[in-house]
Amino acid sequence: MNGPLRWLLATVSQLHEETAGVKTISFDVPGWRGHMAGQHVDIRLTAEDGYVAQRSYSLASPAGTDPRIQLTVERVDDGEVSPFLLDELRVGDSIELRGPIGGYFTWSPGTAGPLMLIAGGSGIAPLMSMLRTRALASSRATARLLYSSRSERHIIYRGELDRLRRARDGFVLTHTLTREVPDGWTGERGRIGRPMLMQRGFAPRERPHVFVCGPTPFVDAIADHLVAIGHEESSIRTERFGPTGESK
Amino acid sequence: MIEDIVPLDGNAAAGRLGQFFTFDVTLATITCGHCAFEGPLAELRLYGRDAAIVLRCRHCDAVNIRMLEAGTSVNLDLSGTARITTSAAS
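Going down the list, the sequences are from chains A and P. In terms of the working numbering, the first sequence opens at residue 73 and continues consecutively. In terms of the working numbering, the second sequence opens at residue 229 and continues consecutively.
Put into structure tokens, the structure is as follows:
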């Protein structure tokens with residue numbers, strides 16, 4: 073790290089609706105020092121009366137030094153920050169952010185060993201950064217993503233994930249739907265449990281690097297399952313985000 | 229003050245704690261001052277979001293770190309922490 077992080081002014085360059093209640097926001101950030109896949113930023117909003125609200129959001133864009141970064145933000149209905157980011161923010165607006173933050177929940181293409189990613193809902197964002205980074209680096213590390221969504225229409229980055237899967241470069245994608253499963257669905261159904269982790273993930277003896285991101289109850293449950301089926305606790309990295317109002 | 233019952237983790241506190249530490253706190257090891265459990269600071273449980281945050285041991289739930297940001301002052305209370313260890317590589 074090169075000295076303490078400063079608050080930077082980030083200007084919105086693009087807004088893209090991923091699913092209902094989820095947007096990807098692209099920012100231009102002069103002074104951005106570059107990031108690793110899996111890192112996040114803090115966003116600070118200051119009201120006219122001086123009240124400050126601060127939240128962390130994962131970087132979804134691939135690792136590198138590009139000062140154009142992307143965050144994928146899900147609405148928390150009674151939240152103080154996400155409704156502003158999703159409903160009020162327009163292209164050309166500026167907000168304060170600081171980052172990149174956190175070297176714990178990170179992956180680089182040079183890392184030896186398979187990459188095992190487990191996402192719940194918008195917890196896909198930092199894992200997408202890892203997959204994008206992997207694709208850009210033409211990494212030969214095998215990778216598996218197990219992605220839990222409430223229904224088909226809640227799947228974020230669906231088209232891009234399909235394209236990554238079709239590249240046949242060692243990436244295997246498994247979707248599971250927990251609420252509504254359409255006719256003809258060929259993916260998994262229901263919550264991620266031990267059988268699904270054993271069938272769709274890497275075995276502990278393959279020594280995968282495991283990254284789990286999602287709402288707290290989701291992450292806690294998956295981490296317990298992973299340890300129960302024999303994964304080393306030190307091989308599992310977790311990141312939790314705020315309440316979505318319902319557990320997955 | 230602390231309205232969210234569902235905790236996050238130490239990752240989400242790293243930006244704030246970075247105001248005090250020159251190393252990446254998520255890569256540091258913290259030893260609980262109550263039960264002596266040792267683990268990554270990133271795995272502590274984070275309660276609170278805005279002016280005041282509390283980080284609790286994931287093993288015994290005791291408060292390890294308190295942080296209060298008021299105006300231009302930032303207050304860090306480490307009385308619940310036995311030890312923080314970082315390696316030069318991080």
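Ideal placement from N, C-alpha and C gives every residue a C-beta, glycine not left out.
Where residue i meets chain P, residues with beta-carbon distance less than 9 angstroms
| i | result |
| --- | --- |
| T310(A) | D237, N239, A270 and E271 |
| S128(A) | L236, N239, A240, A241, A242 and G243 |
| T34(A) | Residue 34(A) lies beyond the residue range present for chain A, which begins at 73 and ends at 320; the question has no answer from this structure. |
| D296(A) | The contacting residues do not exist; D296(A) stays about 12 angstroms from chain P at best. |
| H112(A) | N239, A240, A242 and G243 |
| T250(A) | Here the premise fails: no neighbours, minimum Cβ distance about 18 angstroms. |
Partner residues on chain P for residue i, Cβ-Cβ distance less than 7 angstroms
| i | result |
| --- | --- |
| A119(A) | Correct list: empty, because the minimum Cβ distance to chain P is about 11 angstroms. |
| G175(A) | D252, T254, L255 and S318 |
| R170(A) | G243 |
| F243(A) | Within 7 angstroms Cβ-Cβ: nothing; F243(A) doesn't reach chain P, min ~25 angstroms. |
| R303(A) | The sequence given here has His at residue 303(A), not Arg. Result: empty, since nearest Cβ-Cβ is about 15 angstroms, beyond 7 angstroms. |
| F313(A) | L236 |
| T288(A) | V234, P235 and L236 |
DSSP-derived helix/strand/coil call for residue i
| i | result |
| --- | --- |
| D100(A) | strand |
| A242(P) | helix |
| S130(A) | strand |
| G236(A) | The amino acid occupying residue 236(A) in the given sequence is Leu; Gly does not appear at that position. If DSSP states are grouped into helix, strand and coil, L236(A) belongs with the helices. |
| S307(A) | helix |
| M295(P) | strand |
| F283(A) | strand |
| D278(P) | coil |
| R266(A) | helix |
| A82(A) | strand |
| H297(A) | helix |
| P268(P) | strand |
| V94(A) | strand |
| D252(P) | coil |
| V244(A) | strand |
| D237(P) | strand |
Where residue i falls, given that 16 or more other Cβ within 10 Å makes a residue buried
| i | result |
| --- | --- |
| P172(A) | buried |
| K320(A) | At K320(A), the pLDDT of 31 sits below 50, so the modelled position is not reliable and the matter cannot be decided from this model. |
| L208(A) | exposed |
| S301(P) | exposed |
| D289(P) | exposed |
| R240(A) | exposed |
| E231(P) | Per-residue confidence for E231(P) stands at a pLDDT of 46, beneath the threshold of 50, marking its modelled position as unreliable; the derived number appears in the next sentence. So E231(P) ends up on the exposed side. |
| G103(A) | exposed |
| S211(A) | buried |
| A82(A) | buried |
| S220(A) | buried |
| F313(A) | buried |
| T257(P) | exposed |
| V113(A) | buried |
| E120(A) | exposed |
Neighbourhood of residue i by C-beta, 8 angstroms cutoff - its chain only, sequence neighbours within 5 removed
| i | result |
| --- | --- |
| L161(A) | V84, L87, I97 and I167 |
| W257(A) | E224 and L249 |
| I301(A) | R266, L269, M270 and P276 |
| A298(P) | A279 |
| V124(A) | R116, L117 and T118 |
| R222(A) | G193, L249, T250, R251, E252 and K320 |
| T183(A) | A213 and H281 |
| L236(A) | L203, A207, F243 and L245 |
Same chain only: Cβ atoms within 7 angstroms of residue i, ignoring 5 sequence neighbours per side
| i | result |
| --- | --- |
| A197(A) | S130, A132 and T144 |
| A310(P) | T259, C260, G261 and A264 |
| R78(A) | R170 |
| M200(A) | A132 and Y229 |
| A270(P) | D237, G238, N239 and T254 |
| Q247(P) | V302 |
| L298(A) | L269, V282 and I308 |
| E89(A) | K95 |
| G106(A) | G136 and T137 |
| R261(A) | T248, L249 and V253 |
| P134(A) | A109, S201, R204, T205 and L208 |
| G174(A) | Q111 and H112 |
Neighbour list for residue i in chain A, Cβ cutoff strictly below 9 angstroms
| i | result |
| --- | --- |
| V282(P) | Within 9 angstroms Cβ-Cβ: nothing; V282(P) doesn't reach chain A, min ~15 angstroms. |
| D289(P) | In chain order: nothing, as chain A lies at least about 13 angstroms away. |
Close beta carbons around residue i, own chain, < 6 angstroms, minus the five adjacent residues each side
| i | result |
| --- | --- |
| Y272(A) | Before going further, note that residue 272(A) is Arg rather than Tyr in the sequence given. Answer for R272(A): L218 and T246, listed in chain order. |
| R127(A) | I115 and V153 |
| P186(A) | T214, F274, E278 and P280 |
| V282(P) | Y275, G276, V291 and R294 |
| A242(P) | V253 and T254 |
| H226(A) | T91 |
| M188(A) | R216, G273, F274, P280 and V282 |
| L296(P) | A280 and N303 |
| L233(A) | L245 |
| G195(A) | C285 and G286 |
Interface residues of chain P facing residue i [CB-CB closer than 8 angstroms]
| i | result |
| --- | --- |
| A125(A) | R277 and D278 |
| Y76(A) | Note that residue 76(A) corresponds to Pro in the displayed sequence, not to Tyr. Those within 8 angstroms of P76(A) in chain P are G246, Q247 and T250. |
| T183(A) | Simply none; closest approach about 15 angstroms. |
Item to check | In chain order, each alpha helix (DSSP H) run of at least 4 residues that lies wholly inside the region 168-233 of chain A | outcome: 196-208
Item to check | beta strand (DSSP E) segments (min. 3 residues) lying fully within the region 108-164 of chain A | outcome: 112-118, 124-130 and 140-146
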